[in-house]
Amino acid sequence: MAHWLRNLFRRAQVERELDEELRSYLDLVTAEKIKLGMSPERARREAALELGGVEQVKEAVRDVWAGAWVRDLGLDLRYAARALGKRPGFTSIATGTLALGIGGIAAILSLVCAVFQAGLPFPDAGRLVHVYQTESGAAEYSSLSYVDYRYYREHTRSFSSLAAHYTAPLHFVSGNESAAILGSVASPNYFATLGLQPVRGRFFSGDEDRVPGHDPVVVLGYRFWQSRFGGSPDVIGREIRLNGATFTVVGVAPPELVGVEFGRVQVSLWIPASMFRVGYKYCDGLAPGCNMVRLIGRLAPGVRVAEAQTELTTLARRLESASPETNQGLGVAVMPARGTDPAGRRDSARILTLLCVAVGVVLLIVCANLAGLLLARNLARAREMALRLSLGASRSRIVRELLAESLLLALLGGTLGVGVAVLGNRLILTLYRFNYSGLPTFFRLGLDPAVLGLTLAVTLATVLAFGLVPALRASRTDLLTNLKDEGHSPGAGRWRLRDGLVVVQVALSLVLVVDATLLIRSLRHIYEGEGFDPTRVVMVRLRPTLVGYEPQRARAFQVEVLRRLEATPGVLSASPAMNPANWADNTIRVWLPASPPADPTQAPSLGTNRVGPRFFETLGVPVVAGRDFEGRDGAGAPAVVIVNQALAERYWPGHNPLGRQLVVDGTASEVIGVVPNLQYRSAGESALPFVYRSYWQGKPGDSWSSESRTHIRVTGDPRAMLQAIRRVISSVDPDMPVSEDQTLVERLGYEFQPVRIAGSLLVCFGAVAVFLSGFGLYGVLAFRVAQRTREIGLRMALGAKRGDVARLVLRRGLALALWGIAAGLAGALGSIRLLDSLLYGVPGADPLTFGFAMVVIVGVALAASWLPARRAARLDPLLALRHE
Amino acid sequence: MARDTALLQGTLDLLILKVLTLDTLHGLGIARRVEQITRGAFEVKPGSLFPALHRMEEAGWLTSVWGQSENGRKARFYALTPAGRRQLKTEAGQWGRISLAMSLALKAEG
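As they're listed, the protein sequences go chains S and D. Sequential numbering from 5 applies to the first sequence in my numbering. Sequential numbering from 28 applies to the second sequence in my numbering.
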C-alpha cells in the first residue's frame, strides 16, 4: 500500500509506529550518552531534553502526513463539539439565535421567490408565458376577447401553442349535492399547451370552441373529483349541472393543475370555450369586444419572450386597423409565467420590501448578538488560550479550533434554521392561502434550495467572520499579559465594541416593536370597523342570474329572502348591497347639475355602492342627517342618494346637503341623507367621497342589479348563525348558489391580508428582536460584573452600600438602553414610510405606539439588568477582593 | 530552530538522500551521519528530522523497515528508493548550480 494511503487510512497503526520510532530514538540517544559515561538516569533526562518534547515532534510529523488537514478538521470539530457541549447555555443561545436568523431569512426569501420567481408545476414550464391585454393610457393589464385570441393563435409563429382561459363562477349540482364553485372556460388546446395528460378520459377536442353551446362537456379537477365523486373511475360519462345547464364529464385533470396564475383562486373544473355563455352572462364571451380571456402560451423552441412580444405587437396593430371600433389603442404584453400575476406582484412588492427590511434587521440583531457572544466567550477564554500557547500549541492550531467552533455553531444553527424556515413558511402559507373573499388560492410556497443554500452561506460567512476576528485576536494575545492579567481588565476597545453592539440591537428592536405595534393597532382598527360595527354581521352573496333567473324573478327572490331572514329568530336586520360595506374601489362619475362637465368621462369618479333599506342600521351606522332608504325608493320612484360626510364636505362645504341634486352616472338624484365615512383609508390617503344609491333603483335589465351581497345583523355568534341563514335561503330555492358566506370580521381579515401578514410576521420578528437584545444586554452586564468583581468588592469595603452597587449596574444597563432608544427613535420614524399603505386608523408617528415601544424596551432593559445587579449587590466584599 | 528548518529544509532533504546512498540507517544514525559528513555544521534535531523522513517517505523517495539497531534495540531503518536516487541526482545538480552561482557572485563582489 502506498505510504500516503496508509498514513491516511491506517491511522492507529501509523500512530503506534511513530510512537515506537520516537521511543527507539530516545533509547538510542540514551544508550549513546551512557556509552559516553553518563549515569543512565541523567542520560535519559538529557536525551528527553534533546528530543524537545515527544508531542511536539509527533505533531510536526503528523502535519506532514497526507490528509493532515482532514485529520485536523476532524480533531478540531471533535474538540469544538466538546467545548460547545461544556457550555450548553452559550451553545443553545448561539444556535437558537442563528436558527431564528437563518430560518426567518429563508422563509421570507422563499416567499419573495414564490411571488416573483416560482415556475408553474408543469413540464418544461420555463417556456410558458402569460399574454395580457394592454390599453394605451392604462397601467393595468387586462383580458382579451376570444375573437382576438383566435386571431393571435392562427397567425403567431412564436408559439408552439397558445391557449385562452377565463375563471367562471359556477353553480354545481350533481344528484342532491350543490355548491358554488369556480370553474374555468378554456380553449381546446389549454391542456396540451400546459403539457398535461388526463388522469381519466380525455381533454377537449380541437373543435370544441367552434359552435356556441354545442359541447356541454366538462373536465374535472383532480381534487374536485376526489372530494365530490370519491375518485370514482366511472365518473366519465356522468351528467352534472353547471349554472343550470347539463354537462357530461369527459375527463379528469392531473392533481398539479388547479390554475395557471399564482395568487388567483383555485379552479375546480374546466368547460370548453364553446360553452362560454354558461360561465359568463354579462357579455357574449365569443363575441368581439367582450374582453374576458387571459392567454397562456408555450414559446416555440428557440423563441425568446422579446421576440414573441414583437410579433404579437405587430398582430395587435393589424387587429387595430382591421377593427378600430373594438381594438383602438389595444396592445399585448408577453411575460414569463413566473410568480403571481402582475397585479399580485405589484401589491406584494411593498409588503415584501417591508418584510425583507424587517428580516434584514432581525439578521443584523442576530449577528450583533452572536458577535457579542463570541467576543465575550473568547475574552473569557483568553487565559485558556495563553496557557495552551505556552504549553506548545501552535497559533494556527488554536485559530483552527476557534474556527471549527464557529463552523459547528453555524452548522447546528443552519440545521435548526431549516426547521424554523419550514415552520415560518407554514405560517406564511396560512396567510397567503386564501384570497380577499376567503377562497383558496393557487399558491405554492416551498423552501427554495437556492435560497436555503444562499442563506446558509451568508450565515456561515457571518459566523466565520465573527468567529475569525476574535480568533485572530486571541491568537495574537500576549502570553505573559494574559497569564498575569488573570482576566480582569479587558481591553477598552473590546468593551466599546460590545456596548456598541448592544446599543445597535436595542435600537433595531425598538424599530421593530414600533412597526409591529403600529400594524397591530391598524389591524385592531380594521376589525373594529371604520365608522361601522362589523361584529355580529354576516354576509352572503346571492347570484340568482347564475342559475338562470330573469331579472324580475331574481328581484322577487331577493325580496322573499329578506322577508324570511328578518322573520328568523336571532336576525335583527338584513339588507342587500352590491358590494361589501368597506369597498372603496368601485367608482362612478358624479357632478353637480349646475356645472356639468363638457366630457362626462372626465367628471370626477367617486366611490359608490348600491344598498337597500336598513343597510346602515345593519352595520350599526347612524344616518347623521336626513333619512335612510325606504321601501318607497324603488324602481319608478324619484332617484335618491345618500352621501357620506366627505362628499357633502366636498360639494356643499358648510351647507346642508339634504334636498340638493347630484348627477350620478348621468341620473339627477336627490340627496336624502348623510352618513359617516365608512371606507378604510390608509395613513397616506384622505377620506373618500362616497355616494350610495338605492339597491331597488338599479336598472331592471342589468343583471348585476339583481345580485346581492346581503348583510345581516344577528344577536348571537355570527359564525353559528351562518348555518341558519343558509337554511333560510335554500328554503326559498334549494338550488340557489350561496357564496362568500362569511362573518364580516372574517371577510375583513381576508381583505386586509397584507396587514395581517405584515402584522403577524413583524410581531414574531419584534418578539425575537426584543428577546435577543434583552439577552445581549444581560450578557454584557453579567460579564461586566464578573470582570469587575474585585473592584466591586473594593467599593463595598470602602463603604458602598449594596443598593449603590446594584444601582451602578442598573444605571449602566439603562444608559445602554437609552442610547439604543435614542438611535431607534430616528430609525422608527424613518421606517414608517414603508408602512404607510398598511396603516389604518392610526397615524404613523403615533405617540401612544412610540411610548409603548419605549416602555417595552426600558422594561426589558431593567429585567435584563436586574439579575447582574442583584449578583453584584450580593457579592461578599471579602471573597470579592480575593477574586482573581 | 524554526528559522533554521525554514532555511535549510531543502538542504536537509538533500543531506538525508546523500547519507542514505551508502547505507540504510535509522533516525539517529541519519542524524549522526549528517553531523559527521558536514563536520558538525549541521545539527539535526528530531523536530525537523522526523517530519522530513515521513514527508520523503510519503513522496516515495524513501522506504522504511523495522530492524535491529547495533545495540539490539528495535528501530526503524530508512533506505533510498529508485525515485529517491533520481531525486538526489536532480537536487544535487540544482545544488551544484546554485552553489557555483553563489560563490561566483560572492567572489565578484569581493
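All residues carry an ideal CB built from backbone N, CA and C; glycine is no exception. Here the structure is a predicted model, which means the values were calculated and not measured.
{"Asked": "Is there a Cβ from chain S that is less than 9 angstroms from the Cβ of Glu62 (chain D)?", "Found": "no"}
{"Asked": "Please identify the residue among S:Ser410, S:Glu405, S:Ile646 and S:Asn648 whose C-alpha is closest to the C-alpha of Thr463 (chain S).", "Found": "S:Ser410"}
{"Asked": "Whose C-alpha, out of S:Arg815, S:Ala830, S:Ala103 and S:Pro741, is nearest the C-alpha of Thr419 (chain S)?", "Found": "S:Ala103"}
{"Asked": "Counting only runs that start and end within the region 112–150 of chain S, where is the beta strand (DSSP E) found for 3 or more residues in a row?", "Found": "132–139"}
{"Asked": "Check whether the Cβ of Leu77 (chain D) lies closer than 9 angstroms to any Cβ atom in chain S.", "Found": "The displayed chain sequence assigns Phe, not Leu, to residue 77 (chain D). By this cut-off, Phe77 (chain D) is an interface position."}
{"Asked": "Going by CA-CA distance only, name the one from S:Gln665, S:Arg298 and S:Arg713 that's closest to Pro600 (chain S).", "Found": "S:Gln665"}
{"Asked": "For Gly74 (chain D), which residues in chain S fall below 7 angstroms Cβ to Cβ?", "Found": "Gly56, Gln60, Val61 and Ala64"}
{"Asked": "Does Glu329 (chain S) pass the burial test, meaning 16 or more other C-beta atoms within 10 Å, or should it be called exposed?", "Found": "exposed"}
{"Asked": "Could you tell me whether the region 241–250 of chain S touches the region 168–188 of chain S, using the rule of 3 or more Cβ pairs below 8 angstroms?", "Found": "yes"}
{"Asked": "Please list, in chain order, all residues of the same chain as Ile524 (chain S) whose beta carbon is under 8 angstroms from its beta carbon, the five residues on each side excluded.", "Found": "Gly763 and Val767"}
{"Asked": "In the DSSP assignment, find the alpha helix (DSSP H) that holds Ile825 (chain S) and state where it starts and stops.", "Found": "Arg806 to Leu839"}
{"Asked": "May I ask you to list the residues that DSSP assigns as paired with Met339 (chain S)?", "Found": "S:His134"}
{"Asked": "I want to see whether chain D comes within less than 9 angstroms of Ser394 (chain S), judged by CB atoms only; does it?", "Found": "no"}
{"Asked": "Check whether the Cβ of Glu19 (chain S) lies closer than 9 angstroms to any Cβ atom in chain D.", "Found": "no"}
{"Asked": "Using 10 angstroms around the beta-carbon of Arg792 (chain S), count the other beta-carbons present and answer buried if the total reaches 16, otherwise exposed.", "Found": "buried"}
{"Asked": "Report yes or no: do three or more beta-carbon pairs, one from the region 626–636 of chain S and one from the region 553–563 of chain S, lie closer than 8 angstroms?", "Found": "no"}
{"Asked": "What are the residues of the region 31–46 of chain S that lie near chain D, defined by any Cβ-Cβ distance shorter than 7 angstroms?", "Found": "Asp31, Leu32, Val33 and Ala35"}
{"Asked": "Across which residues does DSSP place Trp93 (chain D) in a beta bridge pair?", "Found": "D:Arg103"}
{"Asked": "So does the region 40–50 of chain D actually touch the region 33–45 of chain S, counting three or more Cβ pairs closer than 8 angstroms?", "Found": "no"}
{"Asked": "On a CA-only basis, which of S:Pro573, S:Arg502, S:Arg404 and S:His134 is nearest Phe266 (chain S)? Give me that one, please.", "Found": "S:His134"}
{"Asked": "If you measure between the beta carbons of Leu115 (chain S) and Ile432 (chain S), is that distance less than 9 angstroms?", "Found": "yes"}
{"Asked": "Between the C-alpha atoms of Glu25 (chain S) and Thr101 (chain S), what's the straight-line distance to the nearest angstrom?", "Found": "49 angstroms"}
{"Asked": "In whole angstroms, what separates the C-alpha of Ile369 (chain S) from that of Ala830 (chain S)?", "Found": "17 angstroms"}
{"Asked": "By the DSSP assignment, the beta strand (DSSP E) with Phe251 (chain S) in it spans what residues?", "Found": "Ala249 to Val256"}
{"Asked": "Are Leu77 (chain S) and Ala408 (chain S) touching if we call contact CB-CB under 9 angstroms?", "Found": "yes"}
{"Asked": "Which partner residues does Phe94 (chain S) have in the DSSP bridge list?", "Found": "Looking at the DSSP assignment, Phe94 (chain S) forms no beta bridge with any residue, so it has no partner."}
{"Asked": "Kindly indicate which three-state DSSP category Arg82 (chain S) falls into: helix, strand or coil?", "Found": "helix"}
{"Asked": "Run down chain S in chain order and give the residues with a C-beta less than 7 angstroms from the C-beta of Gly54 (chain D).", "Found": "Glu25 and Tyr29"}
{"Asked": "In whole angstroms, what separates the C-alpha of Arg567 (chain S) from that of Gly235 (chain S)?", "Found": "41 angstroms"}
{"Asked": "I need the boundaries of the alpha helix (DSSP H) containing Val269 (chain S), first residue and last residue.", "Found": "Val269 (chain S) -> no alpha helix (DSSP H), and no H or E assigned at all."}
{"Asked": "Is it right to say Ala29 (chain D) is buried, meaning 16 or more other beta carbons lie within 10 angstroms of its own, or is it exposed?", "Found": "Below a pLDDT of 50, predicted positions are generally treated as unreliable, and Ala29 (chain D), at 36, falls in that range; the measurement from the model is reported next regardless. Ala29 (chain D) comes out exposed."}
{"Asked": "Would you kindly work out how many angstroms separate the C-alpha atoms of Ala757 (chain S) and Leu522 (chain S), rounded to a whole number?", "Found": "According to the sequence provided, residue 757 (chain S) is Gln. The question's Ala does not apply to it. Roughly 15 angstroms separates the two Cα atoms."}
{"Asked": "Classify Ser394 (chain S): buried if its beta carbon has 16 or more other beta carbons within 10 angstroms, exposed otherwise.", "Found": "exposed"}
{"Asked": "Taking only three categories from DSSP, how would you classify Ala167 (chain S)?", "Found": "strand"}
{"Asked": "Look at Asn586 (chain S) and Glu711 (chain S) and say whether their C-beta atoms are less than 9 angstroms apart.", "Found": "no"}
{"Asked": "Taking Arg100 (chain D) as the query, report the chain S residues whose CB atoms sit under 8 angstroms from its CB, ordered along the chain.", "Found": "Ser28, Asp31, Leu32 and Ala35"}
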